[in-house]
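Colleague:
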Amino acid sequence: MNTWIAIGLTVLGCYAVKLAGLLVPAGVLERAFVRRLATLLPVALLAALTAQQTFADGHALVLDARVAGLGAAAVALALRAPFLLVVAAAVVVTAGVRAVGG
Amino acid sequence: MTAGDADKPDRAVVRDALGVGIAVGLSGFAFGVTSAGSGLGLLQTCVLSLLVFTGASQFALVGALAAGGSPFTAAAGAFFLGVRNAFYGLRLSQLLALPRALRPLAAQWVIDETTAVTLAQPTRRARRIGFTVTGLTLYTLWNLTTLLGVLGAKAIGDTRAWGLDAAGPAVFLALLMPMLKTAAERAVAGLAVLLGLGLLPVLPAGVPVLAAALAAPVVLAAQDRRARVRRGRPGARAAADRGAPREPRAGSGPTAPETPEPETPEEDQ
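Residue numbers (my numbering), protein chains in the order written: chain A, 341 to 442; chain B, 23 to 291.
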């Protein structure tokens, strides 16, 4: 049930902001501070999410095979690999490190 | 594709749009697998792709739920990630000049990739074709591959053993890296990582990510303070702020950040 509540809220919220962009008159959201905040907000969220999903195990911080996987993804990104290859690199290296006992 | 050639053939627009739509649409597979691995059911996962349809928010939501976050903090994180779509919509509504009746439908396709393709087109006709073809291709494939991902995850059982728990953070990293162009963006990312990890042991699941979002206004405020001090030298900060121009690039999840900033940010000073 909790999952469905979360899904329902996300559906409504994400659709509402998409529609708002198309419906509100320009100028309302065009203030410089608001626009810069909108550019930086995803940066903050994505950085925190990347770090947490790499190092978190519940409420504890751990170093496990995911770190190697994310390292591989970072290398793939630096080499300008396509998106799917970046994700595949992370998955394969994480699985590999776990297989050898990481 | 060169902006400015006013008579760009429709075929070229369709080809650009298909390239982005197909490459990114296929990555719904990673979402399906991650969502199933996070404990969501087939119906729940498919509803997310059908009705939320903005990849970073979807990944964030299932990650937060898997970590044991409350539905409200989980949804809040997903919502804040989706807020940028409002700014894409602003720009697109000017460029596409959609009839009012169509807007509620078109809204669902207002995401990074459709914006990137649309902004790259030289004429209104090309923009409308680019938006529609990218949206349709991406929406169809993203939902199909989400379904396949869930089925695939069920078939292979323990997704962790296959390293699939690394798919989510890899997606976030791939979205994040192209956004780190200016000093402000890197400062926000660094501060957010510190907040997100530092608060993890002490706050309820899902809340540290929301707290990490505060890195954005904090850095902005610090930047404005510095700008006021330096007010005598206009231009210096504006140039640093803008960073490199953003080129739309195929292949990054329906949340790719490579979308152009709608306009050059004006300084509020």
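Where a beta carbon is used, it is the ideal one built from N, C-alpha and C, also for glycine.
#1: Could you give the DSSP three-state label for Lys-358(A): helix, strand or coil?
#2: Work out the CA separation of Pro-223(B) and Thr-76(B) for me, nearest whole Å.
#3: In angstroms with no decimal places, state the Cα-to-Cα distance between Leu-62(B) and Gly-54(B).
#4: Using the rule of at least 16 other Cβ atoms within 10 Å of the residue's Cβ for burial, across every protein chain shown, is Ile-347(A) buried or exposed?
#5: Which one or two residues does DSSP pair with Ala-396(A) in a beta bridge?
#6: Give me the subset of the segment 361-379 of chain A whose CB atoms are less than 8 Å from a CB atom of chain B, sorted by chain position.
#7: Given that Leu-419(A) touches chain B, what residues does it touch there, using C-beta distances under 8 Å?
#8: Note the first and the last residue of the continuous alpha helix (DSSP H) segment covering Leu-419(A).
#9: Compute the distance between the beta-carbons of Leu-219(B) and Ala-211(B), then report whether it is under 7 Å.
#10: If you check the beta carbons only, do Leu-362(A) and Arg-125(B) fall under 7 Å apart?
#11: At the 7 Å Cβ level, is Ser-57(B) part of the contact set with chain A, yes or no?
#12: What whole-angstrom Cβ distance do Gly-47(B) and Thr-162(B) have, given they're in contact under 8 Å?
#13: Rounded to the nearest angstrom, what separates Leu-225(B) and Ala-196(B) at their Cα positions?
#14: Please report the Cβ distance between Ala-413(A) and Ala-192(B), rounded to the nearest whole angstrom; I am assuming they are in contact, meaning their Cβ atoms lie under 8 Å.
#15: So with CB distances below 7 Å, who are the chain A contacts of Val-74(B)?
#16: Quick test of your reading: Phe-423(A) and Ser-49(B), contact by CB under 8 Å. State the CB separation rounded to the nearest angstrom.
#17: Just checking my contact of Gly-10(B) with Thr-156(B) at CB under 8 Å: how many whole Å lie between their CB atoms?
#18: Would you please verify whether the beta carbon of Val-132(B) is less than 7 Å from any beta carbon of chain A?
#19: Do Ala-400(A) and Val-231(B) have their beta-carbon atoms positioned less than 7 Å apart in this structure?
#20: What residues of chain A sit near Tyr-110(B), judged by a beta carbon separation below 7 Å?
#21: Enumerated in chain order, which unbroken segments of the alpha helix (DSSP H) with a length of 4 residues or greater are wholly contained in the segment 184-217 of chain B?
#22: Can you tell which of Leu-70(B), Thr-140(B) and Gly-190(B) has its C-alpha closest to the C-alpha of Leu-166(B)?
#23: If you drop the 5 nearest sequence neighbours on each side, which residues of the same chain put their C-beta closer than 7 Å to that of Ile-178(B)?
#24: Span of the alpha helix (DSSP H) holding Ala-58(B)?
#25: Answer with yes or no whether the minimum CB distance from Lys-409(A) to chain B is below 7 Å.
#26: Return the first residue and the last residue of the alpha helix (DSSP H) that Ala-177(B) is part of.
#27: Quick one: which residues of the segment 36-50 of chain B get their C-beta closer than 8 Å to a C-beta of chain A? List them in chain order.
#28: Thinking Ala-234(B) and Ala-384(A) are a contact (beta carbons under 8 Å), I'd like their distance in whole angstroms, please.
#29: Between Ala-82(B) and Gly-99(B), which are expected to be in contact by the criterion C-beta below 8 Å, what is the C-beta distance as a whole number of angstroms?
#30: From the beta carbon of Leu-386(A), is the nearest beta carbon of chain B less than 7 Å away?
#31: Would Val-415(A) count as contacting chain E if we go by Cβ distances under 7 Å?
#32: Check Arg-438(A) in the structure and name its three-state DSSP category.
#33: Using a Cβ-Cβ cut-off of less than 7 Å, give me the residues of the segment 127-157 of chain B that come near chain A, in sequence order.
#34: Around the C-beta of Val-139(B), are 16 or more other C-beta atoms found within 10 angstroms, so that it is buried, or is it exposed?
#35: Our contact map puts Arg-106(B) next to Pro-382(A) with C-beta atoms below 8 Å; I'd like the distance itself, whole angstroms only.
Modeller: Checking against the coordinates, here is how it stands:
#1: helix
#2: 29 Å
#3: Between Leu-62(B) and Gly-54(B), the C-alpha separation is close to 9 Å.
#4: buried
#5: Leu-401(A)
#6: Gly-361, Leu-362, Leu-363, Val-364, Ala-366, Leu-369, Glu-370, Arg-371, Ala-372, Phe-373, Arg-375, Arg-376, Leu-377, Ala-378 and Thr-379
#7: Think of a sphere of 8 Å around the beta carbon of Leu-419(A): no beta carbon from chain B falls inside it, the nearest being about 12 Å out.
#8: Looking at the DSSP string, Leu-419(A) is not in any alpha helix (DSSP H), and its letter there is neither H nor E.
#9: no
#10: yes
#11: no
#12: 7 Å
#13: 27 Å
#14: 4 Å
#15: Thr-350, Val-351 and Cys-354
#16: 6 Å
#17: In the structure as shown, chain B begins at 23 and stops at 291. Residue 10(B) is therefore absent and cannot be evaluated.
#18: yes
#19: no
#20: Residues of chain A passing the Cβ test: Gly-361.
#21: 189-198
#22: Leu-70(B)
#23: Residues Trp-184 of the same chain have their beta carbon placed closer than 7 Å to that of Ile-178(B), with the five preceding and five following residues left out of the count.
#24: Its alpha helix (DSSP H) spans residues 50-59.
#25: First, the residue type needs correcting, since residue 409(A) is Gly and not Lys in the sequence shown. Judged by the 7 Å Cβ criterion, Gly-409(A) is in contact with chain B.
#26: 146-178
#27: Ala-45, Val-46, Leu-48 and Ser-49
#28: 6 Å
#29: 5 Å
#30: yes
#31: The question asks about chain E, but that chain is absent: this structure's protein chains are A and B.
#32: Note: Arg-438(A) maps to helix in three-state DSSP.
#33: Hits within the stretch, in order: Ala-128, Ala-129, Gln-130 and Val-132.
#34: buried
#35: 5 Å
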